[in-house]
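Shown next, in structure tokens, is the structure this report addresses.
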Amino acid sequence: MRKNIVLFFILAMSLSLYADTAVKNIRLPKPDTKSRVSVEQALNERRTERLIGEPALSLKEAGQLLWAAQGVTDGRGYRTAPSAGALFPLETYVAAGNVSGLEPGVYRYIPAEHALALIKKGDVRKELSAAAMGQRVVANAPITIIFSAVYPRITGRYGDRGIMYTHMEAGHAGQNIYLQAVSMGMATVAVGAFDEKQAQKVLGVPAGEPVTYVFPAGKKR
Ligand SMILES: Cc1cc2nc3c(=O)[nH]c(=O)nc-3n(C[C@H](O)[C@H](O)[C@H](O)COP(=O)(O)O)c2cc1C
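Using the numbering used here, the first residue of the sequence shown is number 299, and each one after it goes up by one.
And the structure:
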């Protein structure tokens, strides 16, 4: 009996310790799958806009852009962007500097849950801008969406060609961000000019996951 009580206490203590240390993912509001802007209109109006305003985005707006980039759209886990062999070599991060209800930091987007996992606390926008050759839009925009590549997910099947496929896929996902931004009356820029290693360090992205493409986004100034 005494042994059982001791065991019970050990179990209860372990569970409460786990509850304290386990960091919960942040659920994003359900994304919209309809709008009044047609695909044709979004294509016609798509433009690179470097004058992005500093005002905060809502969690819903940030989530909508992330969903457009890599959201899951069917029961098999397939996404808004095509993926060679459905192997999904991209990881998506958001450097959030000014999002209502979200602590500034770097978060990993979890497509299957439409949720965010905190990777690094704090506003990294200025450091990320420095890694992107000082491009001011990166420092000013309320969020920047970042794609990194996990090549082994795809090179196992496609060899070195998988590296090219990963970059093609990032192009698809990036265009989705552009079109979603038009539909929301927002602005974005495809940023390819950055120091990969510096960006990786600033963001706290795991080693062996090179940063491939960067998209500051926000309201038009
Ligand atoms: C791969 C790639 C990398 C780019 N890198 C940058 C960049 O680092 N900074 C920037 O301001 N624009 C960058 N751009 C945006 C281009 O300058 C822009 O697309 C071009 O001027 C055409 O304008 P549009 O997008 O409005 O059609 C990049 C675009 C692509 C496709």
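In this text, a Cβ means the ideal position worked out from N, Cα and C, and glycines have one as well.
In chain order, what residues of the same chain lie with their CB nearer than 6 Å to the CB of residue i, ignoring the 5 residues before and after it?
i: I461; result: Y449
i: L349; result: R519
i: N474; result: A366, A367, T378 and A379
i: G469; result: none
Excluding the 5 residues flanking residue i on each side, which residues of the same chain have their C-beta closer than 7 Å to its C-beta?
i: G502; result: V404, I417 and K418
i: T434; result: Residue identity differs from the one stated: residue 434 is Arg in this sequence, not Thr. For R434, where only same-chain residues beyond five positions count, the Cβ hits under 7 Å are S427.
i: D493; result: A429
i: A384; result: Y376
i: N438; result: I350 and E352
i: V500; result: V422, E425, L426 and A429
i: S333; result: S481
i: T371; result: R377 and T378
May I have the straight-line CA-CA distance separating residue i from residue j, to the nearest angstrom?
i: A367; j: A471; result: 5 Å
i: S446; j: M482; result: 25 Å
i: T319; j: V335; result: Note that T319 scores 44 on pLDDT, short of 50, meaning its location in the model is unreliable; the coordinates nonetheless yield the value given after this. Cα to Cα, the separation comes out at about 44 Å.
i: F513; j: R325; result: 22 Å
i: R459; j: R377; result: 21 Å
i: E359; j: G454; result: 36 Å
i: T510; j: D330; result: 27 Å
i: M484; j: K322; result: 30 Å
i: K495; j: G432; result: 15 Å
i: Q498; j: E425; result: 11 Å
i: G420; j: L414; result: 15 Å
i: H412; j: G369; result: 7 Å
i: K521; j: E401; result: Nothing in the structure corresponds to residue 521, since the chain is present only between 299 and 519.
i: A479; j: G361; result: 12 Å
i: E347; j: E507; result: 28 Å
i: A505; j: E389; result: 13 Å
i: L363; j: G457; result: 31 Å
Using a Cβ-Cβ cutoff of less than 8 Å, which residues in the same chain neighbour residue i once the five nearest sequence positions on both sides are dropped?
i: L477; result: V337, A340, L341, R344 and A366
i: P387; result: S381, A447, V448, Y449, R451, I452, G460, Y463, T464 and E467
i: P353; result: N396, P440, G516 and K517
i: G399; result: S356 and L357
Among the candidates the options, whose CA atom is the shortest distance from the CA of residue i?
i: A393; options: P504, G506, I443 and P508; result: I443
i: K517; options: Q496, V487, K495 and G420; result: V487
i: V397; options: L355, Y456, G351 and P508; result: L355
i: Y391; options: P402, E401 and Y407; result: Y407
i: G490; options: V436, R374 and A410; result: V436
i: A410; options: L357, G373, K332 and V422; result: G373
Just checking residue i against ligand 3 - is the residue's beta carbon closer than 7 Å to any of the ligand's heavy atoms?
i: A354; result: The model on display carries ligand 1 but not ligand 3.
Next on the checklist: Report the start-end ranges of each beta strand (DSSP E) in the stretch 397-450 that is 3 residues or longer and not cut off at the edges.
Outcome noted: 403-408, 413-419 and 441-447
Checklist entry - So which residues touch the region around ligand 1, with touch meaning a C-beta under 6 Å from any heavy atom? => result R345, T346, R348, Q433, V487, A488, V489, G490 and A491
Checklist entry - Hey, which unbroken runs of the alpha helix (DSSP H) at 4 residues or more fall wholly within the stretch 440-504? => result 450-456, 459-481 and 494-501
Item to check | Runs of alpha helix (DSSP H) lying entirely within the stretch 320-397, each at least 4 residues, in chain order | outcome: 337-343 and 357-368
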